[in-house]
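Student:
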Amino acid sequence: MAFVCGFSGATRRMPAKIGGCRSQKTFSRDGRRSTVKMTNEFEDLAAQLAEEMGGMSPPPEIVPGVNGMEYVLMNHEESGQSARVYKYGATVQSWTQNKREVFFTSKEAVFNGKKAIRAGIPICFPQFGPYGDLPAHGFARITEWEVTALEVLEDGSVYTELKISNETESDLIKSWSGDKKWEAVYAVTLNAGGLETALRVTNNGSEPIEFTAALHNYINCSNIEKVRMYGLDNSKYMDRLDGDKKKDEPDDMGAGVAITEETDRIYTNIENEVVVFDSAKLHVITIKKTPTLSDTTLWNPFGSDGCDAGWKSFVCVEPAVVSKPAVVAPGETWTGAQLFALE
7 MAFVCGFSGA TRRMPAKIGG CRSQKTFSRD GRRSTVKMTN EFEDLAAQLA EEMGGMSPPP
67 EIVPGVNGME YVLMNHEESG QSARVYKYGA TVQSWTQNKR EVFFTSKEAV FNGKKAIRAG
127 IPICFPQFGP YGDLPAHGFA RITEWEVTAL EVLEDGSVYT ELKISNETES DLIKSWSGDK
187 KWEAVYAVTL NAGGLETALR VTNNGSEPIE FTAALHNYIN CSNIEKVRMY GLDNSKYMDR
247 LDGDKKKDEP DDMGAGVAIT EETDRIYTNI ENEVVVFDSA KLHVITIKKT PTLSDTTLWN
307 PFGSDGCDAG WKSFVCVEPA VVSKPAVVAP GETWTGAQLF ALE
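In this note's numbering, the protein residues as written are 7 to 349.
Written out as structure tokens, the structure is:
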């Protein structure tokens, strides 16, 4: 059984490859039974009707990407969605709906299997930022993940699953794991509701496992000055540019939170969905998340020294668990998930 994020109810899988025997028709003529294969004409008509009705989505497939790095190509025919998920970092590098790109890919992004891909949704795990002994944002985004499922679910959702564990070949993973036994599974789903991504961490050892994590969403925008975030007001945040001082985000009176300077904040205990509105593109992007991702980070370098030259074209809004690290007891599984919808 497949676990899908928690936002949709579908759990059962269909085979990755849909095919096998061709449809047949049986009829009686002059007292004799005869079996006739479906004609090409009928097949063509069925294909045409399927296309007009949205069609059945093909199963995801692994294809070569930039510099030969492999990614999973996902297409959800009914909703016109497409996604690319690189095996390196399990990075959802692109998500489009009716050919509208939602995520930002930096022109400075490096696809070499050594650096994190600056695009889409890098995964921060098991450490967010500098809060620990690992390199910033941990090892998940700089590790080659194993693809464990490429499927179309019974409700038509398109599903991809990738995995790393304490047994993955990586010096960083080995040093962090020690005697810990664990696995992290990342599920990516396209369905009628949008894009779902879920990180599941299972503790297969005998001692509790503690970590911080974030889904580091790079959202493409026309210009950072045209973007407003809704759902962050009347809350508290840690200002990472001011020694993590706790500050208040006042009521925005319906105007939304704007970015007018370098911004790096961790909003704590955010239970609501966050909406990103781009007034130039007229894009409304809604991000729902599970309560396990109790924080939301907001980041844009706003032209600070050494920042990405494309800083005007993205905003990072990231469901996270940072202010209170997640703790997974032996035999238990922690799940942090988000659902993207574009209007």
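The C-beta atom is built at its ideal place from N, Cα and C for all residues, glycine as well.
1) Would you list, in sequence order, the uninterrupted beta strand (DSSP E) runs of no fewer than 3 residues that lie entirely inside the region 54–141?
2) So F320 and Y224 are supposed to be a Cβ contact under 8 Å. How far apart are they, rounded?
3) Kindly indicate which three-state DSSP category K242 falls into: helix, strand or coil?
4) Go ahead and label E157 buried or exposed: buried means 16 or more other beta carbons lie within 10 angstroms of its beta carbon, across all protein chains shown.
5) Let's test the definition: count the other Cβ atoms within 10 Å of the Cβ of R147 and tell me whether it reaches 16, buried, or not, exposed.
6) Run the CB neighbour count on P297, radius 10 Å, all protein chains shown included, and call it buried at 16 or more, exposed below.
7) Tell me the residue span of the beta strand (DSSP E) that contains L299.
8) Quick one, which of A198, A286, P307, E202 has its alpha-carbon nearest N229's?
9) Counting C-beta neighbours from all protein chains within 10 Å, is the total for P141 16 or more, i.e. buried, or is it exposed?
10) Taking contact to mean 3 or more Cβ pairs, one atom from each stretch, closer than 8 Å, check whether the region 119–127 and the region 78–96 are in contact.
11) With distances taken Cα to Cα, identify the nearest neighbour of A198 among F110, I68, M62.
12) Between N240 and the rest of its own chain, which residues show a CB-CB distance below 8 Å, the 5 nearest in sequence each way excluded?
13) Which residues in the same chain as I291 place their Cβ atom closer than 6 Å to its Cβ, once the five residues preceding and following it in sequence are excluded?
14) Determine the extent of the alpha helix (DSSP H) in which D177 is found, giving its start and end residues.
Tutor: Considering the structure as presented:
1) 67–70, 76–82, 87–92, 97–103
2) Within the sequence shown, residue 320 is the residue found at index 314, counting from 1. Within the sequence shown, residue 224 is the residue found at index 218, counting from 1. Contact holds; Cβ gap of about 5 Å.
3) Taking the sequence shown and counting its residues from 1, the one referred to as residue 242 is at position 236. The answer is strand: DSSP assigns K242 an E or B state.
4) As a first step, residue 157 must be located in the sequence shown, where it is residue number 151. Answer is buried; the Cβ neighbour count reaches 16.
5) Here residue 147 is taken as the residue at index 141 of the sequence shown, counted from 1. By the neighbour-count rule (16 or more Cβ atoms within 10 Å), R147 is buried.
6) For the purposes of this step, residue 297 is identified with residue 291 of the sequence shown, where counting begins at 1. P297 sits exposed, since fewer than 16 C-beta atoms from the chains shown fall within 10 Å of its C-beta.
7) For the purposes of this step, residue 299 is taken as the residue at position 293 of the sequence shown. Here L299 belongs to no beta strand (DSSP E), and DSSP marks it neither H nor E.
8) For the purposes of this step, residue 229 is taken as residue 223 along the sequence shown, with counting starting at 1. Checking every option, the nearest Cα to that of N229 belongs to A286.
9) Reading the sequence shown from its first residue, position 135 is the one you call residue 141. Exposed, since its Cβ has fewer than 16 Cβ neighbours within 10 Å.
10) yes
11) Within the sequence shown, residue 198 is the residue found at index 192, counting from 1. Measuring from the Cα of A198, the nearest candidate turns out to be M62.
12) For the purposes of this step, residue 240 is identified with residue 234 of the sequence shown, where counting begins at 1. Same-chain partners within the cutoff: E255, P256, D257.
13) For the purposes of this step, residue 291 is taken as the residue at position 285 of the sequence shown. Contacts found: V282, L348.
14) Locating residue 177 in the sequence shown gives position 171, where the first residue counts as 1. Here the alpha helix (DSSP H) through D177 covers 177–183.
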